[in-house]
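> Would you mind keeping the following structure in view while I ask a few things?
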Amino acid sequence: MKRAASVGPARKILITGASVAGNALAWWLAKRGFDVTVVERHPHFREGGQNIDVRGAGREVLKKMGLEQAVADSGTGETGVRFVDADDKTVAQFDVDELGADGPTAELEILRGDLARIFYDACGEGVTFRFDDTIEAVAETGNGINVRFKSAAREEFDLVVVAEGVGSATRELVFPGENKPRWLDVTMGYFTIPKAVGDGRLCRIFTAGEGRSIWLRPDNKGTTRAILTVQKESDGDDRLTREEQVSFLRERFAGVDWEADRVLRGLETTDDLYFDVLRQVKMERWSKGRVVLTGDAAWCATPIAGIGTTLAIVGAYVLAGELSRSPDIQEALKRYEETLRPYVEKGQNVPKFAPKMLQPQTLLGVAVQRSVLRIVDTPGIKQLVTKLFVSSTDDFESPVYDHVSA
Ligand SMILES: Cc1cc2nc3c(=O)[nH]c(=O)nc-3n(C[C@H](O)[C@H](O)[C@H](O)COP(=O)(O)OP(=O)(O)OC[C@H]3O[C@@H](n4cnc5c(N)ncnc54)[C@H](O)[C@@H]3O)c2cc1C
126 MKRAASVGPA RKILITGASV AGNALAWWLA KRGFDVTVVE RHPHFREGGQ
176 NIDVRGAGRE VLKKMGLEQA VADSGTGETG VRFVDADDKT VAQFDVDELG
226 ADGPTAELEI LRGDLARIFY DACGEGVTFR FDDTIEAVAE TGNGINVRFK
276 SAAREEFDLV VVAEGVGSAT RELVFPGENK PRWLDVTMGY FTIPKAVGDG
326 RLCRIFTAGE GRSIWLRPDN KGTTRAILTV QKESDGDDRL TREEQVSFLR
376 ERFAGVDWEA DRVLRGLETT DDLYFDVLRQ VKMERWSKGR VVLTGDAAWC
426 ATPIAGIGTT LAIVGAYVLA GELSRSPDIQ EALKRYEETL RPYVEKGQNV
476 PKFAPKMLQP QTLLGVAVQR SVLRIVDTPG IKQLVTKLFV SSTDDFESPV
526 YDHVSA
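The sequence shown begins at 126 in the numbering used here and counts up one residue at a time.
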């Protein structure tokens, strides 16, 4: 990999994207004495998003930040997963108590907006946030990187960190054509619907054949989080307009049993549909000169890997640690990538057959799935099934950096 000549220490850093990765990184950099600005394209702090989980090494980083309890207190309270049939009878159940951190429900389950908000609030005065703006152009100068924003502002930084999520425009601007996405042949719609009597503390999953499943998950807001999943090739689903996304889900789930009608009614009135056509980001390098990628923009593993949020949090810790440890930006970025890449690759190791097994195409496939689930719903065998949900639960040994006071 060809690298730019070494440059001096980074002090003034621009982060683009104020979600989980960007806000966690801003917290760490500010604590380590950097001058940090975060630019976010949304007009204000972006609430919303559904259930995400923090596992293993991510939890350890939260502990170091002094935020583990705050995250636990804001959790969704989900206690496990129950696979159901059309009559809502239990096919198999996996409780968090039984499987601990490795199960389909993690010990720390939280809504995306709540987690990003915890980091955002914790940054306090130490970080400048600018909403409703994006990067339009970057140009390296001898001593820094000049950034032109959509708002017409121009400013020079020592380093730009791109934390814009899977569809990052700045990644495409700086690294054109370098992302070789791995499509997982799954399209998902996440949205909030009114809570009903049957919605308890368990996530309920119903598989309907033709590659479809419906998930209903509890939250801590008095509502229910619905997920509609369709296992199929992407066929340009990522280019659908909002209206087309709603029609897509409506048509696919029309006439499905169980609670599909109720979920589709909720879809008509929801204001927070998050539509995701699952693809992993595959970059051969995460940095170029004074621009570095982090979080989903660098290595999106997709929600079915169950580790994206953990990687975003651990990535923030390592990037800030390396930047503060090394006086040379290029050296720091090299170490950041060397430290994280094996962990990320493990996290991205989601077999393509996993979504196919979770969302069978035929009714016979659904029947087989239920029989298998009944068998695995026995002590000892349960651990095996968790591999369908979580790509890698092995702990990452976080490097130790100078202590910062949380
Ligand atoms: C609104 C929303 C809802 C989500 N809902 C779910 C969910 O239900 N389930 C799930 O598993 N995952 C969800 N995710 C993804 C999840 O948050 C990430 O997989 C993970 O937490 C890693 O976060 P990240 O910070 O790298 O990326 P993201 O959380 O995707 O955040 C990227 C941030 O960058 C901002 N941004 C994008 N482009 C630009 C730009 N050009 N300039 C400036 N800012 C930009 C976005 O507005 C966003 O705030 C959601 C993400 C978002 C943004």
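Idealized CB from N, CA, C, for every residue including glycine.
Computed from a prediction, not measured in an experiment: that's the story for all the values here.
Just to confirm the assignment, what range does the alpha helix (DSSP H) spanning residue 403 have?
Looking at the DSSP string, residue 403 is not in any alpha helix (DSSP H); the run it does join, the beta strand (DSSP E), is 399-405.
> So, helix, strand or coil for residue 291, using DSSP?
Coil.
> Under 8 Å, with one C-beta from each stretch per pair, do the segment 431-442 and the segment 396-407 reach the 3-pair mark?
Judged by Cβ distances under 8 Å, the segment 431-442 makes no contact with the segment 396-407, as fewer than three pairs qualify.
> Looking at the structure shown, is residue 155 part of a helix, part of a strand, or coil, going by DSSP?
DSSP places residue 155 in helix when its eight states are reduced to three.
> Say yes only if the C-beta of residue 428 is nearer than 6 Å to one or more non-hydrogen atoms of ligand 1, and no if none qualify.
Checking the Cβ of residue 428 against ligand 1 gives yes.
> Look at the alpha carbon of residue 195 and the alpha carbon of residue 277, and state the distance between them as a whole number of angstroms.
Looking at the two C-alpha atoms, the distance is approximately 38 Å.
> How big is the Cα-Cα spacing for residue 287 and residue 174?
Residue 287 and residue 174: Cα-Cα distance of roughly 20 Å.
> Run the CB neighbour count on residue 316, radius 10 Å, all protein chains shown included, and call it buried at 16 or more, exposed below.
Under this definition residue 316 is a buried residue.
> Using 8 Å for Cβ pairs, my map puts residue 475 next to residue 424. What's the rounded Cβ distance?
The Cβ separation is near 12 Å, so there is no contact.
> Could you check whether the segment 197-214 touches the segment 351-363, counting it as contact only if at least three pairs of C-beta atoms, one from each stretch, sit closer than 8 Å?
No, they do not touch.
> Within its chain, find whatever has a CB closer than 6 Å to the CB of residue 447; leave out the 5 residues flanking it on each side and keep chain order.
Around residue 447: 457, 460 and 461.
> Find the nearest neighbour of residue 215 within the set 496, 279, 348 and 530, judged by alpha-carbon distance.
If we check each option's Cα against that of residue 215, 496 comes out closest.
> Which residues share a DSSP beta bridge with residue 149?
Bridge partners of residue 149: none, in fact.
> In terms of alpha-carbon separation, which member of 178, 389, 145 and 153 lies closest to residue 165?
Of the candidates 178, 389, 145 and 153, the one whose C-alpha sits nearest the C-alpha of residue 165 is 145.
> Name the one or two DSSP bridge partners that residue 349 has.
BP columns for residue 349 point to 318 and 343.
> Are the beta-carbon atoms belonging to residue 617 and residue 503 less than 7 Å from one another?
Beyond the ends of the chain as shown, which are 126 and 531, falls residue 617; an answer cannot be given.
> Within 10 angstroms of its Cβ, does residue 279 collect 16 or more other Cβ (buried), or is it exposed?
By the 10 Å Cβ count, residue 279 comes out exposed.
> Near residue 383, which residues of its chain fall below 6 Å by C-beta distance, leaving aside the five closest residues on each side in sequence?
Only 211 and 331 meet the Cβ criterion.
> Closest by CA to residue 265, which one among 202, 339, 285 and 243?
When each option's Cα is compared against that of residue 265, the closest is 285.
> With distance defined between alpha-carbon atoms, name the residue in 309, 419, 322 and 530 nearest to residue 479.
With distances taken between Cα atoms, residue 479 lies closest to 309.
> Since residue 155 and residue 161 are thought to touch, with beta carbons under 8 Å apart, how far apart are those beta carbons, to the nearest angstrom?
Indeed, because the Cβ distance is near 5 Å, the residues count as touching under 8 Å.
> In chain order, what residues of the same chain lie with their CB nearer than 8 Å to the CB of residue 261, ignoring the 5 residues before and after it?
Hits under 8 Å: 273, 274 and 275.
> Is residue 481 helix, strand or coil when you go by DSSP?
Residue 481: helix per DSSP, three-state reduction.
> Between residue 244 and residue 148, what straight-line distance do the alpha-carbon atoms span, to the nearest angstrom?
Computed Cα separation, rounded: 5 Å.
> Should residue 197 and residue 523 be called a contact, given that it needs their Cβ atoms to be closer than 7 Å?
Contact flag unset, no.
> Kindly indicate which residue of 388, 422 and 302 has the alpha-carbon position closest to the one of residue 338.
Of the listed residues, the one whose Cα sits closest to residue 338 is 388.
> Along the chain, which unbroken stretches of the beta strand (DSSP E) at least 3 residues long are found entirely within the segment 369-433?
As far as the segment 369-433 is concerned, its whole beta strand (DSSP E) runs of at least 3 residues are 399-405 and 416-418.
> Could you give the first and the last residue of the continuous alpha helix (DSSP H) run that contains residue 188?
Run containing residue 188: 181-190, per the alpha helix (DSSP H) assignment.
> By the 10 Å Cβ neighbour count, where 16 or more other Cβ atoms means buried, how is residue 168 classified, buried or exposed?
With fewer than 16 Cβ atoms within 10 Å of its Cβ, residue 168 is classed as exposed.
> Distance check for residue 323 and residue 236, CA to CA, integer angstroms please.
The straight-line gap from Cα to Cα measures roughly 21 Å.
> With hydrogens ignored, establish whether the beta-carbon of residue 217 is closer than 6 Å to any heavy atom of ligand 1.
For ligand 1, not one heavy atom lies less than 6 Å from the Cβ of residue 217.
> Distance, Cα to Cα, residue 142 vs residue 413?
About 18 Å.
> Taking the alpha carbon of residue 532 as the point to measure from, which residue in 434, 531, 421 and 443 has its own alpha carbon closest?
Any property of residue 532 remains undetermined from this structure, which presents the chain solely from 126 to 531.
> I'd like to confirm something about residue 440: is its beta-carbon nearer than 6 Å to some heavy atom of ligand 1, or not?
Not under cutoff, so the answer is no.
> Note down, in chain order, each residue of its chain lying with its Cβ closer than 8 Å to the Cβ of residue 488, except the 5 sequence neighbours on either side.
Closer than 8 Å at Cβ, skipping near neighbours: 334.
> Do you know whose CA, among 298, 233 and 172, lies nearest residue 239's CA?
The shortest C-alpha separation from residue 239 is found at 172.
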